[in-house]
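Participant: Following this note's numbering, the numbering of the sequence shown begins with 27 at its first residue and continues without gaps. Have a look at the structure that comes next, please.
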Amino acid sequence: MANKPKRHDIQLAKEILKRWYLQAKYRGKTTAMEETKRIYELLQYFEDVTDWRIL
27 MANKPKRHDI QLAKEILKRW YLQAKYRGKT TAMEETKRIY ELLQYFEDVT
77 DWRIL
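Shown next as structure tokens:
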């Protein structure tokens, strides 16, 4: 069984996605920009709705 996610894990993943987004933007890859933005938004939603006290 995998370890339960921690808030720090979500924040780290978001930082990585920001870097990927900026790299895609620099290279002109609009599809990659849209995909990384969508994943970032999902992580943000997960972070917002998670009750971190029970994890």
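Just so you know, even glycine gets a beta-carbon here, dropped at the ideal spot from N, CA and C.
(1) Rounded to the nearest angstrom, what separates Gln70 and Arg64 at their Cα positions?
(2) If we call anything under 8 Å between Cβ atoms a contact, is Trp46 one with Thr56?
(3) Taking the straight line between their C-alpha atoms, what separation do you get for Tyr52 and Leu43?
(4) From Arg33 to Gly54, what distance separates their C-alpha atoms?
Facilitator: Answer, in terms of the structure:
(1) As a first step, residue 70 must be located in the sequence shown, where it is residue number 44. As a first step, residue 64 must be located in the sequence shown, where it is residue number 38. The straight-line gap from Cα to Cα measures roughly 10 Å.
(2) If you number the sequence shown from 1, residue 46 lands on position 20. If you number the sequence shown from 1, residue 56 lands on position 30. At the C-beta level, Trp46 and Thr56 stay beyond 8 Å of one another.
(3) By one-based count along the sequence shown, residue 52 stands at place 26. By one-based count along the sequence shown, residue 43 stands at place 17. Roughly 14 Å between the two C-alpha positions.
(4) In the sequence shown, counting from the first residue as 1, residue 33 sits at position 7. In the sequence shown, counting from the first residue as 1, residue 54 sits at position 28. Their Cα atoms are separated by approximately 31 Å.
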